[in-house]
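Taking full-length UniProt numbering, the leading residue of the sequence shown gets 1, the next gets one more, and so forth.
Have a look at the structure below, then the notes.
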Amino acid sequence: MRAIVVTDQAAGTAGMTLAERPEPPAAINDVVVEVHASGYVPTELEWPSTWTDRADRDRSPSIPGHELAGVVTALGYGTTGLSVGQRVFGLADWHRDGTLAEYVAIEARNLAPLPGDVDFTVGASLPISGLTAWQGLFQHGRLQSGQTVLAHGAAGAVGTMVTQLAREAGAYVLGTGRATDREKALDYGANEFVDLANDSLEDIGQVDLVFDVIGGDIQKRSAALIKTGGTLVTVVGPPESRPADGLAIDFVVEADRAQLTEVVQRVRDGRLRTNIGTVASLDDAVTTVNSTERLKGKIIISVRP
Ligand SMILES: NC(=O)c1ccc[n+]([C@@H]2O[C@H](COP(=O)([O-])OP(=O)(O)OC[C@H]3O[C@@H](n4cnc5c(N)ncnc54)[C@H](OP(=O)(O)O)[C@@H]3O)[C@@H](O)[C@H]2O)c1
C-alpha cells in the first residue's frame, strides 16, 4: 500500500516520504480500515509516540496521522461491534502506524460509525479536535450552563470546537487569539474576542473554566483569572510549566465511541461546524505539510478522492 513514512526525527516534515509499505494485519479486536480521508496535526513529528512503541523502543519507519474516516475491510480475531463494509471514523493509537496510508489497523473501540450523509473529509476532521473539546469541557472541566469559558486559540481546530460546544451547553465564551483571528472566532460563536497581543487578558474578569491550547506565559496568566472552584484544562506543553497551585488538568485526548457519535450528530443537525482549512491528496501530502505558509484549520489528506 502507499503511505507517508517518517524515519528521521531530526529531519521534521522535510523527512516525510510517500513510500510503499506492507498492508497491516488485523490483530485481536482490531479492524482494518480502507482509509478515505486522514487528519494530520502539524505537531505530530514532535510527539515521542510517533517514534517509539509503548515499551519506548524505536518503531520507525512509522506512518503519521491519527484521525481517519473510511470503510472497514477486515476484522481481527474476536472483534465485535463493527462489520466489513461499514463506514467508520475515529482516533488511531498514538504508538501504532497511523492513517496517512491506504489502510490502517486499529482497535474497533477507537472507531464509531460514520453516518452515510457525512463526507469522509468531514469525518476525518472531527476526532482529535471534537473529542479534545468534548473531554476538556465536559469530563475534565465539568462545564455547567451559565459559566464563563476562556477559550484560547478560539479560531483554531480545537478552539472552534470548544467555542461551539461550550455555547451550546449554555456557557459565555471569551475567545482569544491573534488580531487576524477575531472574525473567525466570533463567527464560530465566541461572545467576545481577546487579541492576546494587543488587549489586556487581565481585564476580562474572572472565569469558571480556562481551555488552554497555547501554554507558557498565556497559561500562567490565565490561571490567575479563575474563580474559586474553577478549572484550567490544557493540552499543551511540558507538565513542568503548569501553575504550581494544582489548578491545571493536563490531558491527552482519548478515543470514545459514544462521544464521537455525539460530535458527528451535531455536525449532521447543524449545531457544530468543522474547521477544515486544507484538503490535499496523498500524492500532494508531503508538499502540503512542508508549505512555508501557515496552514489554518484542520489539514485533511484525501487518500481516496
Ligand atoms: N494533548 C492533546 O490531547 C491535544 C489534542 C489536540 C491538540 N493538542 C495540541 O493543542 C494545540 C492546538 O491544536 P489545534 O489543532 O487547535 O491548533 P491550531 O489549529 O493551530 O489552533 C491554535 C490557535 O491558537 C493560536 N495561537 C497559538 N499561539 C498563539 C499566541 N501565542 N497568541 C495568539 N494566538 C495563538 C493559533 O494562531 P496561529 O495559527 O496564527 O499560530 C491558532 O489560531 C497544538 O499544540 C496541538 O498539538 C493537544
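Each residue gets a CB set at the ideal place from its N, CA and C atoms; glycine is no exception.
Predicted, not measured: the structure shown is a model, and the values here were computed from it.
query, result
"Which ranges does the beta strand (DSSP E) cover as unbroken runs of at least 3 residues, wholly within the segment 168–231, from first to last along the chain?", "172–177, 192–195, 207–212"
"Entirely within the segment 13–67 and at least 3 residues each: give me those beta strand (DSSP E) ranges in chain order.", "17–20, 30–40"
"Are the segment 292–300 and the segment 136–149 touching by the rule of at least three beta carbon pairs closer than 8 Å?", "no"
"Counting only the same chain and skipping the five closest in sequence on each side, list residues whose C-beta sits under 6 Å from that of A151.", "G159, V162, T163, V173, G175, F211"
"Are the beta-carbon atoms of V122 and T234 separated by less than 8 Å?", "no"
"Expressed to the nearest angstrom, what Euclidean distance is found between the alpha-carbon atoms of D269 and E67?", "22 Å"
"Quick one: is the Cβ of T278 within less than 7 Å of any heavy atom of ligand 1?", "no"
"Count the other C-beta atoms from every protein chain shown that fall within 10 angstroms of the C-beta of S291, then say buried if there are 16 or more, exposed otherwise.", "exposed"
"I need the DSSP call for L137, collapsed to helix, strand or coil.", "helix"
"Is it the case that the segment 18–26 contacts the segment 92–103, given that we only count it when at least three CB pairs across the two stretches are under 8 Å?", "yes"
"Does the beta-carbon of G177, which I'm using as the reference point, lie nearer than 7 Å to any heavy atom of ligand 1?", "yes"
"Beta-carbon separation of F89 and L260 under 8 Å?", "yes"
"Which residues in the same chain as V263 place their Cβ atom closer than 6 Å to its Cβ, once the five residues preceding and following it in sequence are excluded?", "L126, G130"
"For the structure I just gave you, are there three or more beta carbon pairs, one from the segment 45–59 and one from the segment 113–121, closer than 8 Å?", "no"
"At a threshold of 7 Å, does G189 count as lining ligand 1 (C-beta to nearest heavy atom)?", "no"
"Skipping 5 residues on each side, what residues in its chain have a beta carbon closer than 6 Å to that of residue 321?", "The first residue shown for the chain is 1 and the last is 305, placing residue 321 beyond what the model contains."
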